[in-house]
Every structure is written in structure tokens, then in C-alpha cells.
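Asks: First residue of the sequence shown? That's 39 in the working numbering, and the numbers climb one at a time after it.
The structure is given below, and queries will be raised subsequently.
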Amino acid sequence: MYNIDDFDMKILTLLQANGRLTNQELSDLVGLSASQCSRRRISLEQAQLIRGYHARLAPEAVGLGLVGLIEVSLVTHAQQHIDSFHQMLEEVDAIIDAYKTTGDADYLLKVAVADLPALSDFISQTLSSHQSVAHIKTAVVLNRIKENGLLPVAR
Numbered sequence: 039m040y041n042i043d044d045f046d047m048k049i050l051t052l053l054q055a056n057g058r059l060t061n062q063e064l065s066d067l068v069g070l071s072a073s074q075c076s077r078r079r080i081s082l083e084q085a086q087l088i089r090g091y092h093a094r095l096a097p098e099a100v101g102l103g104l105v106g107l108i109e110v111s112l113v114t115h116a117q118q119h120i121d122s123f124h125q126m127l128e129e130v131d132a133i134i135d136a137y138k139t140t141g142d143a144d145y146l147l148k149v150a151v152a153d154l155p156a157l158s159d160f161i162s163q164t165l166s167s168h169q170s171v172a173h174i175k176t177a178v179v180l181n182r183i184k185e186n187g188l189l190p191v192a193r
């Protein structure tokens, strides 16, 4: 278990807001030397507290202007159905987020596709035809009000 101190928390907060900060920039903001910040960043990465660095792309930039939220209920909760469904989640690029949930549905999927016909094809050819899926309920995102927000840092 990794013990997070105030310096680590500040590093995590700053990197979450801007993952492109250099060690020197980070050290100026945190109040540690660049080498200390580098060692701490590496430790946070190795502890899996920093899961990666990436650019957040607008879906339209890559031709995926339509986002859908899809609730999925499985046929049964038998391990074979769960495993098969999870494998499909990993293999299908249109699924950008998948959550196991409580409530009426077993999963909530966030998908990005080109347009309504592409969403319809995805639903009929990928989800509805999957042997593990019993029921789906779809909502189309009209406007993105808040997306990819930062995690609140409580200390």
C-alpha cells in the first residue's frame, strides 16, 4: 500500500489538470527539487496511482460525432455469460467506457460512433446479437454538458 503525503497529493492534482508538466515545472509548483518530483512521479506510476497520460480527443476529430449511453442486462449472471460479455467489451472499439452497475441494468456502456445509422448497426449487429445480452436501453447524447471532469481531491 502506498502512503500518499501532501507532496504526492499536490503532484497528483497538478498532473491530473496538466499531464504534460515537466519535472522542473512540477518541482516549481510543488516546492521540491526536480529529481525528488521525478522519483515521486515514478513511484506514483509504479503504484498505479497514475494510470497513464493521454490527449483527450473530441469525438468529432476522429469521425465519431455521436455518443450513446446504453444500459445492458444479461441473460443470466452465469460466469460464461459474464466472461463472454466482458471479452466483447474489450474487443469492440466503439465502446469507450463500460461500467458494472446496480439497479435495473447490469452494465452502462458509453459508445462513440459516426452517426445514427452507425449506432443502429452497433446495437443490432453487436449488442442485440450477442448471446449474453437479454435487454438493452439506449439514450443518445444531445449535448455534452460536462465530460472528463477532474477527480475531486480531498485532504
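We put the CB at the ideal spot given by N, CA and C, even for glycine.
#1: Apart from the five residues just before and just after residue 100, which ones in its own chain have a Cβ nearer than 7 Å to its Cβ?
#2: If you measure from the CB of residue 182, is any heavy atom of the ligand NAD nearer than 7 Å?
#3: Between residue 85 and the rest of its own chain, which residues show a CB-CB distance below 7 Å, the 5 nearest in sequence each way excluded?
#4: Quick check: what's the CA-CA separation for residue 91 versus residue 58?
#5: Can you list the beta strand (DSSP E) stretches of 3 or more residues lying completely in the stretch 67-138, in chain order?
#6: Return helix, strand or coil for residue 172, following the three-state DSSP convention.
#7: Out of 95, 124, 125, 171, state which residue places its alpha-carbon closest to the alpha-carbon of residue 150.
#8: Could you please give me the residues that DSSP links to residue 148 through a beta bridge?
#9: At the level of alpha carbons, what is the spacing between residue 131 and residue 173?
#10: What separation, rounded to the nearest whole angstrom, lies between the Cα atoms of residue 87 and residue 55?
Replies: On the basis of the supplied data:
#1: For this step, residue 100 is matched to residue 62 along the sequence shown. If we look at residue 100 and ignore the five residues flanking it on each side, it has no Cβ neighbours.
#2: For the ligand NAD, the structure offers nothing, since it holds no ligand at all.
#3: Position 47 of the sequence shown holds residue 85. Answer for residue 85: 40, listed in chain order.
#4: Here residue 91 refers to the residue found at position 53 of the sequence shown. Here residue 58 refers to the residue found at position 20 of the sequence shown. Just so you know, the alpha carbons of residue 91 and residue 58 end up roughly 8 Å apart.
#5: 104-112, 133-138
#6: Counting from one through the sequence shown, the residue named residue 172 turns up at place 134. Residue state, collapsed to three classes: strand.
#7: Position 112 of the sequence shown holds residue 150. Minimum Cα distance to residue 150 is reached at 95.
#8: On the sequence shown, residue 148 is found 110 positions in, with the first residue counted as 1. Answer is 107, 135.
#9: Position 93 of the sequence shown, counted from the first residue, corresponds to residue 131. Position 135 of the sequence shown, counted from the first residue, corresponds to residue 173. Going by the C-alpha atoms only, they are around 21 Å apart.
#10: The residue labelled residue 87 in the question sits at position 49 within the sequence shown. The residue labelled residue 55 in the question sits at position 17 within the sequence shown. If I take the Cα positions, the gap works out to 15 Å.
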